[in-house]
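Student: Sharing a structure below in structure tokens format, with a few things to ask.
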Amino acid sequence: MGKWKRGLALLLIVGGAGLFVYPRLQMVLADRSQTIAIGNYEEGVSGYDEKWKEGELEKARAYNNSLSEVAFPDPFGHGGSLETAGDYEEILNVDRGMMGVLEIPCIEVELPIYHGIAEEVLQKGVGHISQTAFPVGGEGNHTVLSTHRGLPDARLFTDLDELEPGDAFYIRVLGNNLAYEVDQVEVVDPGDVSLLKPEEGKDYVTLLTCTPYGINSHRLLVRGSRVNYVPEVKAQIQKKVVRTEKYTVFGIGAAAILVVAAGVAGRIQKRKRKQV
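In terms of the working numbering, the sequence shown opens at residue 1 and continues consecutively.
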């Protein structure tokens, strides 16, 4: 009986430690995978000449000009099966469906941007909603980029709610750096696209994800307006102190298991002393 209890205590301790470590290990692996994808993309871009790059940008601008009224289903409620027009998948396609990079320095996120919002895309990076403008800049364009929030094995947009008006994010496409300053943060019902329409004379990018954290009943929209790209400003951006409750769920569970294990181990030792 004593051996059984000692074994149980050890099992609980190991299980608790594993529960605490596993999600973080998965996030590290996901970050590494994203870093590799971005590195491959940047290497691929460097292999093309300026004529090819400008040709791709022209195709993207032509696609943007051809877009009609913004109307598409909720990205998280239809399985990512949006229809795409013409050769959408081939435009800006440098490496395996990747079109660019999204960087949000204040929450230390750098993610690959892929064509479309299929589930396999949302699991590994940011998806571009094809019914909105390609992220190449330009007045009258409104790009929408979306991905998951709160996955146990990847950060993605988990900390997107930390962004406030005045914060900045950046997009890299074919060697071009585009800077956007957050000017609007809103929560809307799923399927409400009224705030995603392009506006004449404006260059917008909206980052879209689920909210509240862990419930996902609504959609969080973080809109950025185009500003001048200044490398020195980007280098001075301060990292936010992210609220800890998002990352304590597994920790609380692990701590509870460890407390139980410690209690069991303590009782075992107490009985041993009495027997002696």
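For glycine and all other residues, C-beta sits at the position ideal for the given N, C-alpha and C.
Of all the options N93, S146, G201 and A154, which has the alpha carbon lying nearest to the alpha carbon of G137?
Tutor: G201
Student: How would you label T35, buried or exposed, when you count the other beta carbons within 10 angstroms and need 16 or more for buried?
Tutor: exposed
Student: Consult DSSP for V249 and reduce its assignment to one of helix, strand or coil.
Tutor: For V249, the predicted model reports a pLDDT of 48, less than 50, meaning its position is unreliable; a value from the coordinates is still stated below. If DSSP states are grouped into helix, strand and coil, V249 belongs with the helices.
Student: Along the chain, where does the beta strand (DSSP E) that runs through S130 open and close?
Tutor: No beta strand (DSSP E) contains S130, which DSSP labels as neither H nor E.
Student: Can you tell me which of the three DSSP states E186 falls into?
Tutor: strand
Student: Expressed to the nearest angstrom, what Euclidean distance is found between the alpha-carbon atoms of Y170 and L207?
Tutor: 12 Å
Student: Can you check which of these residues, D167, L221 and V182, is closest to D189 by C-alpha distance?
Tutor: L221
Student: DSSP state of N216, grouped into three classes?
Tutor: coil
Student: How big is the Cα-Cα spacing for H148 and E50?
Tutor: 34 Å
Student: Would you call the region 93-102 in contact with the region 150-168, where contact means no fewer than 3 C-beta pairs closer than 8 Å?
Tutor: no
Student: Would you say the region 180-194 touches the region 149-159, given that touching needs at least three Cβ pairs under 8 Å?
Tutor: No, they do not touch.
Student: Just verifying my parser: in three-state terms, what is the DSSP assignment at E199?
Tutor: coil
Student: Between L92 and V126, what straight-line distance do the alpha-carbon atoms span, to the nearest angstrom?
Tutor: 15 Å
Student: Skipping 5 residues on each side, what residues in its chain have a beta carbon closer than 7 Å to that of N40?
Tutor: D95
Student: Could you give the DSSP three-state label for N93: helix, strand or coil?
Tutor: DSSP places N93 in coil when its eight states are reduced to three.
Student: Taking only three categories from DSSP, how would you classify Y170?
Tutor: strand
Student: A261 by DSSP, collapsed to three states: which one?
Tutor: Unreliable placement is indicated for A261, whose pLDDT of 49 sits below 50; no coordinate value is reported for it.
Student: Taking the continuous beta strand (DSSP E) assigned at L111, which residues delimit it?
Tutor: V109 to H115
Student: Using DSSP bridges, identify the partner residues of H148.
Tutor: Per DSSP, none; premise fails for H148.
Student: Rounded to whole angstroms, what's the CA-CA distance from Y229 to I237? Just pull it up for me.
Tutor: 13 Å
Student: Please find out if some non-hydrogen atom of the ligand GTP comes closer than 7 Å to the beta-carbon of N65.
Tutor: This structure simply doesn't include the ligand GTP, nor any ligand for that matter.
Student: Can you tell me whether DSSP reads T244 as helix, strand or coil?
Tutor: Below a pLDDT of 50, predicted positions are generally treated as unreliable, and T244, at 46, falls in that range; no measurement from the model is reported.
Student: When the Cα atoms are used, what is the spatial distance from Y180 to I38?
Tutor: 20 Å
Student: For Y229, does the three-state DSSP call read helix, strand or coil?
Tutor: coil
Student: Check whether the Cβ atoms of V144 and L178 lie closer than 8 Å to each other.
Tutor: No. Outside cutoff.
Student: Between which residues of its own chain and E108 is the CB-CB distance below 8 Å, once the five residues before and five after are set aside?
Tutor: K239
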